[in-house]
Amino acid sequence: MRRLNRKKTLNLVKELDAFPKVPVSYVETSAIGGTVSLIAFTTMALLTIMEFSVYQDTWMKYEYEVDKDFSSKLRINIDITVAMKCHYVGADVLDLAETMVAPADGLVYEPVIFDLSPQQREWQRMLQTIQSRLQEEHSLQDVIFKSAFKSASTALPPREDNSLQPPDACRIHGHLYVNKVAGNFHITVGKAIPHPRGHAHLAALVSHDSYNFSHRIDHLSFGELVPGIINPLDGTEKIAIDHNQMFQYFITVVPTKLNTYKISADTHQFSVTERERAINHAAGSHGVSGIFMKYDLSSLMVTVTEEHMPFWQFLVRLCGIIGGIFSTTGPGWPHKQPLTSYKK
Numbered sequence: 001m002r003r004l005n006r007k008k009t010l011n012l013v014k015e016l017d018a019f020p021k022v023p024v025s026y027v028e029t030s031a032i033g034g035t036v037s038l039i040a041f042t043t044m045a046l047l048t049i050m051e052f053s054v055y056q057d058t059w060m061k062y063e064y065e066v067d068k069d070f071s072s073k074l075r076i077n078i079d080i081t082v083a084m085k086c087h088y089v090g091a092d093v094l095d096l097a098e099t100m101v102a103p104a105d106g107l108v109y110e111p112v113i114f115d116l117s118p119q120q121r122e123w124q125r126m127l128q129t130i131q132s133r134l135q136e137e138h139s140l141q142d143v144i145f146k147s148a149f150k151s152a153s154t155a156l157p158p159r160e161d162n163s164l165q166p167p168d169a170c171r172i173h174g175h176l177y178v179n180k181v182a183g184n185f186h187i188t189v190g191k192a193i194p195h196p197r198g199h200a201h202l203a204a205l206v207s208h209d210s211y212n213f214s215h216r217i218d219h220l221s222f223g224e225l226v227p228g229i230i231n232p233l234d235g236t237e238k239i240a241i242d243h244n245q246m247f248q249y250f251i252t253v254v255p256t257k258l259n260t261y262k263i264s265a266d267t268h269q270f271s272v273t274e275r276e277r278a279i280n281h282a283a284g285s286h287g288v289s290g291i292f293m294k295y296d297l298s299s300l301m302v303t304v305t306e307e308h309m310p311f312w313q314f315l316v317r318l319c320g321i322i323g324g325i326f327s328t329t330g331p332g333w334p335h336k337q338p339l340t341s342y343k344k
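Residue numbering for the sequence shown follows full-length UniProt numbering, beginning at 1 and increasing consecutively.
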């Protein structure tokens with residue numbers, strides 16, 4: 001009885017087959033059918049290869065939320081060369097809370113030659129070319145995010161020549177930790193000293209003829225250092241046309257969490273607006289000569305995540321391609337045609 005029931009069940013399932021079946025004796029092969037089969041299988045192979053390349057590719061997903069972290073410190077990474085001797089200039093940060101960060105906390109003053117060597121100049125031109133491409137094609141930033149290697153370096157290479165020229169500039173490099181409020185990082189004449197009403201610089205002992213705030217920004221970033229990332233001011237070079245020249249950079253800093261398959265970091269992106277003018281009190285252009293970087297923090301935080309197509313989705317899409325083409329051409333039509341007449 002059980003065997004009979006099983007046979008009845010199998011017969012019932014066979015009867016439910018809705019796909020038409022043409023007996024082999026009623027079909028014949030043809031050149032047209034073979035050509036269609038060849039085209040169909042070639043198309044399936046090409047689409048499968050293309051789908052596999054899409055599966056291997058990744059994309060960056062951007063998410064936005066309110067930055068709730070106000071208690072932590074903000075790291076500023078600096079590498080700036082000023083065309084003045086180190087004992088003539090001073091660098092420090094003053095924020096809205098009137099908190100001054102002394103340069104001894106993390107900045108190094110290194111006497112250097114302002115003019116670059118041929119190898120260094122070539123490196124700077126390459127960096128400036130990348131910057132111009134990034135301004136024109138914003139999608140390249142995603143490529144940089146995905147290709148960040150821990151071994152990559154964007155630092156200015158050392159001089160390859162042994163120049164006997166005495167140092168005429170000062171390279172200020174290192175990092176500072178500041179409060180997460182708006183502030184002003186500046187480099188001006190004289191060393192900074194504490195003051196009951198803020199701070200001051202000992203500029204009276206420096207002759208105005210020694211003022212030269214021509215400068216080169218080899219690196220400026222906020223937050224954790226991410227190797228391989230090109231920041232907006234990297235490679236910037238400004239030449240002062242006047243002794244009393246003021247250079248201003250207005251920076252908006254956006255906290256950013258970067259999560260890729262190669263690196264994870266809490267860093268910051270920023271946008272910048274530049275302005276420069278000569279100080280002339282007689283003409284109404286007031287101010288202090290120097291380099292001023294006024295930064296403010298955005299209240300939004302950006303999370304950048306590298307995403308990949310799931311394997312199950314790749315299989316579904318692959319089955320859809322193969323099954324779609326196979327069902328469209330049909331198992332009987334591509335290489336065989338039903339006989340519509342009988343031979344007598």
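Each residue gets a CB set at the ideal place from its N, CA and C atoms; glycine is no exception.
{"Asked": "Any chance you could list the alpha helix (DSSP H) runs of at least 4 consecutive residues sitting entirely within the stretch 89 to 142, in chain order?", "Found": "118 to 136"}
{"Asked": "Excluding sequence positions up to five away, which residues of its chain have a Cβ less than 7 Å from the Cβ of Ile76?", "Found": "His175, Leu176, Val178, Phe185 and Phe222"}
{"Asked": "Name the two residues that bound the continuous beta strand (DSSP E) containing Pro255.", "Found": "Gln245 to Asn259"}
{"Asked": "Applying the criterion that 16 or more other CB atoms from any shown protein chain within 10 Å of the CB defines a buried residue, is Ile39 buried or exposed?", "Found": "exposed"}
{"Asked": "When burial is assigned at 16 or more other CB atoms within 10 Å of the CB, is Ser151 buried or exposed?", "Found": "Caution is warranted here: a pLDDT of 48 is assigned to Ser151, below 50, making its placement in the model unreliable, and the coordinate value is therefore given only provisionally. Classification for Ser151: exposed."}
{"Asked": "Would the stretch 203 to 216 count as touching the stretch 240 to 247 if we require 3 or more Cβ pairs under 8 Å?", "Found": "yes"}
{"Asked": "In the structure shown, what three-state DSSP assignment does Glu160 receive?", "Found": "coil"}
{"Asked": "Got a sec, what are the start and stop residues for the beta strand (DSSP E) Val82 sits in?", "Found": "Lys73 to Val82"}
{"Asked": "Any idea if Cys170 is buried or exposed, counting beta-carbon neighbours within 10 angstroms, 16 or more meaning buried?", "Found": "buried"}
{"Asked": "Could you tell me the boundaries of the beta strand (DSSP E) in which Phe292 lies?", "Found": "Gly290 to Leu297"}
{"Asked": "What residue does the beta strand (DSSP E) around Tyr62 start on, and which one ends it?", "Found": "Thr58 to Val66"}
{"Asked": "Out of Ser271, Val112 and Ile322, which has the shortest C-alpha to C-alpha gap to Ser298?", "Found": "Ser271"}
{"Asked": "Jot down the residue ranges of each uninterrupted alpha helix (DSSP H) in the stretch 172 to 244, minimum 4 residues, whole runs only, in chain order.", "Found": "none"}
{"Asked": "Between which residues of its own chain and Val181 is the CB-CB distance below 8 Å, once the five residues before and five after are set aside?", "Found": "Asp95, Leu96, Ala97 and Leu297"}
{"Asked": "With a cut-off of 8 Å, do at least 3 Cβ pairs link the stretch 311 to 329 to the stretch 58 to 78?", "Found": "no"}
{"Asked": "With a cut-off of 8 Å on the beta carbons, I'd call Glu274 and Met246 a contact; round off their distance for me.", "Found": "With 8 Å as the limit, Glu274 and Met246 do not qualify as a contact, their Cβ atoms being about 12 Å apart."}
{"Asked": "Taking just the CA atoms, how far does Ala91 sit from Phe292?", "Found": "10 Å"}
{"Asked": "Could you round the C-beta distance between Met60 and Glu306 to whole angstroms and report it? I think they count as a contact, below 8 Å.", "Found": "6 Å"}
{"Asked": "Helix, strand or coil for His308? Go by DSSP, reduced to three states.", "Found": "strand"}
{"Asked": "Assign Phe311 to buried or exposed, taking buried as 16 or more other Cβ atoms, counted over all protein chains shown, within 10 Å of its Cβ.", "Found": "exposed"}
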